[in-house]
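**Student:** Protein chains in written order, with full-length UniProt numbering: chain G, 1 to 149; chain W, 1 to 467. All C-beta atoms in this analysis are idealised placements derived from N, C-alpha and C, irrespective of residue type, glycine included.
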Amino acid sequence: MFSPDLINEARIGCGLEIASKKRLLEMLADLLAGDHPRLHTESIFERLLERERLGSTGLGHGIALPHARIREVTQVQGAFVKTASGVDYDAADGEPVDLAFALLVPEAANEEHLRLLAHLASLFSDPSIRAQLREADSPAALLRVLNSR
Amino acid sequence: MKIIILGAGQVGSSVAESLVSESNEINVVDTDVGLLRQLQDRLDLRTVVGNAALPSVLRQAGAEDADLLIAVTQSDQTNLCACRTAETLFKIPTKIARLRSSDYTQHPELLDNKNFCVDFSICPEQIVTDYLLKLIEYPEALQVLKFAEGLVSLVAARTVPGGPLVGKPVSDLRQHLPQIDARIAAIYRRDQPIVPEGDTLIEAGDEVFYLAATRDIRRVMSELRHRDQPTRRILIAGGGNIGSRLAGAAQDRYQVKLIELDELRAKGLGATLDRTLVLHGDATDEKLLAAENIDEMDFFLALTNDDENNIMAALLAKSLGARRVLALINRRAYADLLQADRIDIAISPAQISIGSLLAHVRRGDVAAVHSLRRGAAEALEFVVHGDRSTSKVVGRRICELDLPRGATIGAVVRGPSPDTPGAPLGQVLIAHGDTLIEPEDHVIIFIAHKELVPKVERYFQVGLAFF
Chain G
1 MFSPDLINEA RIGCGLEIAS KKRLLEMLAD LLAGDHPRLH TESIFERLLE
51 RERLGSTGLG HGIALPHARI REVTQVQGAF VKTASGVDYD AADGEPVDLA
101 FALLVPEAAN EEHLRLLAHL ASLFSDPSIR AQLREADSPA ALLRVLNSR
Chain W
1 MKIIILGAGQ VGSSVAESLV SESNEINVVD TDVGLLRQLQ DRLDLRTVVG
51 NAALPSVLRQ AGAEDADLLI AVTQSDQTNL CACRTAETLF KIPTKIARLR
101 SSDYTQHPEL LDNKNFCVDF SICPEQIVTD YLLKLIEYPE ALQVLKFAEG
151 LVSLVAARTV PGGPLVGKPV SDLRQHLPQI DARIAAIYRR DQPIVPEGDT
201 LIEAGDEVFY LAATRDIRRV MSELRHRDQP TRRILIAGGG NIGSRLAGAA
251 QDRYQVKLIE LDELRAKGLG ATLDRTLVLH GDATDEKLLA AENIDEMDFF
301 LALTNDDENN IMAALLAKSL GARRVLALIN RRAYADLLQA DRIDIAISPA
351 QISIGSLLAH VRRGDVAAVH SLRRGAAEAL EFVVHGDRST SKVVGRRICE
401 LDLPRGATIG AVVRGPSPDT PGAPLGQVLI AHGDTLIEPE DHVIIFIAHK
451 ELVPKVERYF QVGLAFF
């Protein structure tokens with residue numbers, strides 16, 4: 001179960017028509033910026049891209065966990081997107097990505113963030129979770145699956 | 001990577017050619033239908049006909065999804081306008097513009113994100129000129145390439161009989177030069193790469209690539225071949241973009257003569273190049289070359305925009321007694337035919353300038369790339385990040401790394417201290433098995449087969465847990 005501060009329906013996109021990694025990261029940046037007073041889509045997009053350049057966050061099995069440190073947040077912020085069809089993400093297994101969970105963490109990243117990343121990685125390594133996410137047809141349904149463990 | 005290339009001229013088409021074989025999706029934009037058709041016949045890419053600076057044309061070329069824009073049309077203005085448009089309307093993350101006029105590059109604020117939004121500007125003519133200047137400075141070298149802000153050089157040289165290290169194993173280098181550290185990164189024998197081990201014997205005629213601190217490269221060279229006389233007299237054929245730049249850059253240190261075919265152009269150059277002797281004439285004219293004492297020339301460079309002329313002029317100059325001749329050759333097939341035969345150095349301008357673009361296409365934090373052996377090999381400078389748990393490289397000794405055979409780390413360059421990012425690099429460590437790699441080190445690696453590049457890129461990537 002994730003706290004609503006970390007992820008909520010407003011920061012989930014379902015079945016979006018997205019054709020590239022670039023657009024996927026832009027969309028996630030847009031959701032993360034949302035109504036946050038200090039966050040801007042452009043700077044989040046840039047930070048996520050910078051991190052991707054050092055190494056793809058594509059986990060395999062169509063999952064990606066883009067993440068970055070950013071000065072403007074004091075606690076972890078998440079966003080989730082399910083795309084209508086997979087995009088080329090340069091993932092380790094070469095599979096296109098259709099499920100992406102993005103994380104922004106404060107500058108001083110710590111053990112807690114690593115644990116969160118590990119939790120997400122283990123959540124998505126479960127084939128039944130992936131199948132349920134792919135079946136879900138609304139942000140609310142996606143959130144229920146994400147919170148089911 | 002999704003890449004848009006604007007301009008299908010010499011630069012654009014050779015960029016397309018070297019990127020297309022990799023896992024990239026490429027779209028080329030040009031106003032010339034014929035040029036685009038030629039490209040499409042040869043290469044697996046998409047094309048769009050139109051004005052490269054127009055939003056609708058960029059959109060058609062897939063700007064919304066593109067990772068990289070390479071604006072290399074003939075017009076600086078089109079390239080600038082396209083970068084601005086790409087940023088404002090499409091948020092393309094990386095934008096590279098070819099800018100020939102130094103007017104723009106003298107005002108870097110014009111290129112920043114408030115103005116033309118050019119992340120990197122390149123001037124192929126300047127890159128080629130710098131490359132040629134190095135060859136003038138180091139007459140024994142086939143190639144001298146810079147890494148780590150110039151602290152480290154990668155040098156290619158052909159060994160000659162009687163060179164102190166010829167006939168000896170690679171490991172003897174250390175005994176011959178105990179006070180200097182250098183690393184032989186690759187050896188090409190009859191055009192085939194040999195991965196050098198300590199006991200590999202160096203033969204005469206080998207093309208040896210070595211890495212050393214820039215201040216040491218001459219000493220290492222003297223182990224491979226006897227010291228040539230320094231360059232004093234240069235004859236340049238062709239006063240075009242490259243020839244005139246080179247004359248301007250070399251005229252204060254060398255005696256430079258330049259032959260230009262076009263009379264008006266020759267006059268103009270004569271007026272601007274005050275320390276160069278500019279001659280009007282044809283560089284393939286035997287009498288003219290003889291009259292200009294070609295046999296006393298240390299270096300003859302054929303730099304016209306005509307491959308055949310360059311080849312003929314260089315052959316002629318060599319047979320008339322010029323010590324060393326070089327020909328600029330755009331057509332790859334010609335360059336392959338000629339190198340190491342009767343022309344001392346054949347270079348392809350596209351091949352030389354492609355590295356500056358490849359640095360932005362390669363995965364990872366790549367500070368520099370040089371394409372070698374006509375694209376068959378590559379040398380990269382990676383900046384490494386993370387720690388032992390998030391990187392496969394950091395916190396390990398070079399002997400512990402599991403790099404593919406054919407990928408050889410030649411040098412590591414370390415900053416002054418991790419607390420001062422942005423400060424200039426300091427310490428050059430020539431790679432040995434026990435060299436420990438630290439975070440933020442610049443690691444320079446020679447890759448003998450281009451096919452290995454993706455593997456090496458992956459190896460240098462940080463793991464998921466890196467924040």
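(1) For the region 86-100 of chain W against the region 203-220 of chain W, are there 3 or more C-beta pairs whose distance is under 8 Å?
(2) I'd like the list of long-range same chain contacts for T408 of chain W, defined as Cβ closer than 6 Å, with 5 residues on each side in sequence excluded.
(3) First and last residue of the alpha helix (DSSP H) that includes H119 of chain G?
(4) Tell me which same chain residues have a C-beta within less than 6 Å of the C-beta of F281 of chain W, skipping the five on either side of it?
(5) Taking Cβ-Cβ distances shorter than 7 Å, what residues in chain G pair up with P93 of chain W?
(6) Going by DSSP, which residues form a beta bridge with I409 of chain W?
(7) Counting only beta-carbon separations shorter than 7 Å, does K392 of chain W have a partner in chain G?
(8) Could you work out which residue in W:Y131, W:L6, W:R42 and W:R46 is closest to Q77 of chain W when comparing CA atoms only?
(9) Along chain B, in chain order, which residues have C-beta atoms closer than 8 Å to that of A121 of chain G?
(10) For the region 55-72 of chain G, list every residue whose C-beta sits within 8 Å of some C-beta in chain W, in sequence order.
(11) State the DSSP-derived secondary structure class of R215 of chain W, mapped to helix, strand or coil.
(12) Take every Cβ of the region 365-378 of chain W, pair it with every Cβ of the region 120-133 of chain W, and state whether three or more of those distances are shorter than 8 Å.
(13) Is it buried or exposed for H385 of chain W, if we count other Cβ within 10 angstroms and need 16 for buried?
(14) Alpha carbon to alpha carbon, how far is H432 of chain W from C399 of chain W? Give it in angstroms, no decimals.
(15) Under the assumption that V413 of chain W contacts H449 of chain W (Cβ atoms under 8 Å), give the Cβ distance between them as a whole number of angstroms.
(16) Which whole-angstrom value is the C-beta distance of L103 of chain G and H67 of chain G, which I expect to be below 8 Å?
(17) So, with DSSP's three-state summary, where would you put E296 of chain W?
(18) Counting only Cβ pairs nearer than 7 Å, list the residues of chain G close to H385 of chain W.
(19) Check each residue of the region 59-75 of chain W: if its Cβ is closer than 9 Å to any Cβ of chain G, include it; give the result in chain order.
(20) DSSP state of H280 of chain W, grouped into three classes?
(21) With A148 of chain W and L425 of chain W assumed to form a contact (beta carbons below 8 Å), what rounded beta-carbon distance in angstroms separates them?
(22) In chain order, what residues of the same chain have a beta carbon less than 8 Å from the beta carbon of L320 of chain W, not counting five sequence neighbours either side?
(23) Would you kindly check if the distance between the Cβ of C14 of chain G and the Cβ of P96 of chain G is under 7 Å?
(24) Rounded to whole angstroms, what is the Cα-Cα separation between G238 of chain W and M312 of chain W?
(25) L117 of chain G versus chain W: which residues are under 9 Å apart at the beta carbon?
(26) Between W:S75, W:E109, W:V118 and W:E263, which lies nearest to T88 of chain W when the distance is taken from Cα to Cα?
(27) In the DSSP assignment, find the unbroken beta strand (DSSP E) run with Y188 of chain W in it and report its ends.
(28) Across which residues does DSSP place S101 of chain W in a beta bridge pair?
(29) If the criterion is Cβ atoms closer than 7 Å, does the pair K95 of chain W and S20 of chain G meet it?
**Tutor:** The answer reads as follows:
(1) no
(2) A185 and F446
(3) E111 to F124
(4) For the sequence presented, residue 281 of chain W should be read as Gly rather than Phe. If we look at G281 of chain W and ignore the five residues flanking it on each side, its Cβ neighbours are I259 and L288.
(5) K22 and L49
(6) W:I445
(7) no
(8) W:L6
(9) Given the protein chain composition of this structure (G and W), no chain B is represented.
(10) G55, S56, T57, L59, L65, H67, A68 and R69
(11) helix
(12) no
(13) buried
(14) 8 Å
(15) The pair is not a contact, with the Cβ atoms about 24 Å apart (cut-off 8 Å).
(16) 4 Å
(17) helix
(18) L54
(19) G62, E64, D65, A66 and D67
(20) strand
(21) 5 Å
(22) E286, L289, A290, I294 and D295
(23) no
(24) 13 Å
(25) L464, A465 and F467
(26) W:V118
(27) A182 to R189
(28) BP columns for S101 of chain W are empty, so no partner.
(29) no
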